[in-house]
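In the working numbering, the protein residues as written are 3 to 449.
Glycine included, C-beta positions come from ideal geometry on N, C-alpha and C.
Right, one structure below, let's go through it.
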Ligand code: G2I
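If you want it as structure tokens, here you go:
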């Protein structure tokens, strides 16, 4: 019985504290990113994992973004794990979620050197066989989602860092012509989808982005259906290329759209306020650069929460790369994205006095309750703490405060000797009460 009592009061204490500390950082009143982006005619998207689209993860994905990219669900290895045996379940789920939330879908990705099924990579194929495998894959997948995908990352990561073609299953087997073929086949399967080539380390002007530029220019001149380039933007803290906007502009000047497709900004762990401020500045510069160029379609983050990011497993010791932390609290980067999209965010409170309710002890019919009022960056010259009991509890006796109860409403005012709560200080009062059935912790407001 004793240990049960201790367990109850500890749970009550933790719950009470969590309730009160959550309140000052609420962002509920801010305009969702997707509304800000809509007003700019831009996309603000996120990569998602289908199985996670419930609860808080689903709420944020649906409320904040106007576009979703399946992080893995549309890759060849996922959709055709065995030859001729298709699994569309996660892709279908994400498309259905997007439609229910009036979101675009960015299809990712049709032709890549990675995450291909082993039957494909281990097979030995003639050039003709490989070509028809690719054609069938593109026709099948793009055809399945015809009319439902706003843009496809048709070809992913075709270049090496020096601007030469990457040696891959596709390049080695089919030559550089696989890129034009893939675009042409995708266009035939869904003429309305915007078709992109997507790569990383092509955000600034450099050898790799110049190779991509020359390829797009060549494809355009030959009438190959290419609508856009995706700049993945897997960035390192403090290293947004200074030529980002200029680079976006030069692609736009070729007559194609540009999208930031996989933005994240990784840092050495642990994060701290200085790093998070730098990260916010980095996110802001990237979104600013996109907003500044009319043909920049928008920005997609590669996972919106640090709990759903590829970074920690790929770069041990690095992480915290997304705009929300692991507990779905928006980070400074979130406010930076909002600001770059023209929004204003509620500044974090500079100082506050809060009240924490706890139940230090509880027995079969009674309990002792306690409220601690503490101030940081603020102070009080008198106080009144109010709450509503949710389960018929009644106060029988109080100390260090004068408490009155009317029905379920309780109001406790300071005594003459503890009216002042200085900045950095606290005051505690207590009471005994009766309960039956349950003794839930109420939220306390200060007046
Ligand atoms: O690597 C980061 C991205 C670079 N650009 C293309 C993107 O498609 C790529 O995304 C990542 C996914 O975010 C990861 O989630 O691609 C990785 C594969 O290269 C994905 O990682 C894989 C793991 O390697 C698998 O072990 C795991 O089963 O994710 C799979 C699903 O969780």
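In terms of alpha-carbon separation, which member of 95, 99, 172 and 105 lies closest to residue 125? 172
Minimum C-alpha distance to residue 329 - residue among 318, 309 and 346: 309
Please tell me whether residue 396 and residue 430 are closer than 7 Å, where the distance is taken between their beta carbons. no
Which of helix, strand or coil DSSP assigns to residue 103: coil
Start and end of the beta strand (DSSP E) containing residue 199? 196-201
Residue span of the alpha helix (DSSP H) that contains residue 334, given as start and end: 334-342
Express the C-alpha separation of residue 400 and residue 10 in angstroms, rounding to a whole number. At residue 10 the pLDDT is 34, less than 50, meaning the model places this residue with poor confidence; the figure from the coordinates comes in the next sentence. Their backbone Cα atoms lie some 21 Å apart in a straight line.
With 16 as the cutoff for other CB atoms within 10 Å, does residue 1 come out buried or exposed? Not covered by the structure: residue 1. The range shown for the chain is 3 to 449.
Does the beta-carbon distance from residue 42 to residue 69 come in below 7 Å? no
Evaluate contact between the segment 363-370 and the segment 44-60, counting only Cβ atoms and requiring at least three cross-stretch pairs below 8 Å. no
Reduced DSSP category for residue 435 - H, G, I as helix; E, B as strand; rest coil: strand
So the beta strand (DSSP E) residue 443 belongs to, where does it begin and stop? Run containing residue 443: none; DSSP gives neither H nor E here.
Nearest CA to the CA of residue 363: which residue from 206, 435, 407 and 409? 435
Exposure of residue 148, with buried meaning 16 or more beta-carbon neighbours within 10 Å: exposed
Which same chain residues end up closer than 6 Å to residue 357 when comparing Cβ atoms and leaving out the 5 residues on each side of it in sequence? 373, 375, 387, 446 and 448
Kindly examine the ligand G2I and report whether one of its heavy atoms sits closer than 6 Å to the Cβ of residue 384. no
First and last residue of the uninterrupted beta strand (DSSP E) at residue 118: Unbroken run through residue 118: none, as it is neither H nor E.
On the DSSP letters alone, give me the boundaries of the beta strand (DSSP E) that residue 293 sits inside. Looking at the DSSP string, residue 293 is not in any beta strand (DSSP E); the run it does join, the alpha helix (DSSP H), is 275-294.
Residues that DSSP places opposite residue 155 in a beta bridge: 110 and 198
Kindly indicate which residue of 327, 191 and 142 has the alpha-carbon position closest to the one of residue 87. 142
Presumed contact (8 Å Cβ cut-off) between residue 295 and residue 247, rounded CB distance: 7 Å
Can you check the segment 349-375 for any beta strand (DSSP E) of at least 3 residues that lies completely inside it and give the ranges in chain order? 354-364
Starting from the C-beta of residue 3, find all residues in its chain whose C-beta is less than 7 Å away, skip the five residues before and the five after it, and write them out in chain order. Only weak support exists for where residue 3 lies, its pLDDT of 33 falling under 50; the value from the coordinates is given anyway. There are no such residues.
Check for me: the alpha helix (DSSP H) holding residue 142 runs from which residue to which? 129-146
Tell me whether residue 25 is buried or exposed, calling it buried when 16 or more other Cβ atoms sit within 10 Å of its Cβ. With a pLDDT of 32 at residue 25, under the threshold of 50, the predicted position of this residue should be treated as unreliable, though the coordinate-derived value follows. That one is exposed.
Could you check where the alpha helix (DSSP H) with residue 187 kicks off and where it finishes? 179-191
Collapsed DSSP secondary structure at residue 297 in the structure displayed: coil
Does the beta-carbon of residue 158 have 16 or more other beta-carbons within 10 angstroms, so that it is buried, or is it exposed? buried
Pairwise C-alpha distance: residue 398 and residue 439: 17 Å
Could you give the distance in angstroms between the alpha-carbon of residue 82 and the alpha-carbon of residue 392? 54 Å
Got a sec? Which residues, its chain only, sit under 8 Å from residue 353 by beta carbon, not counting five neighbours each side? 377, 378, 379, 380 and 425
Under 6 Å from any heavy atom of the ligand G2I, does the C-beta of residue 73 make it? yes
In terms of residue numbering, what span does the alpha helix (DSSP H) encompassing residue 61 cover? 57-66
The segment 261-271 in contact with the segment 211-229 per 3-pair CB rule at 8 Å: no
Cβ pair residue 72, residue 93 closer than 7 Å: yes
How would you label residue 117, buried or exposed, when you count the other beta carbons within 10 angstroms and need 16 or more for buried? exposed
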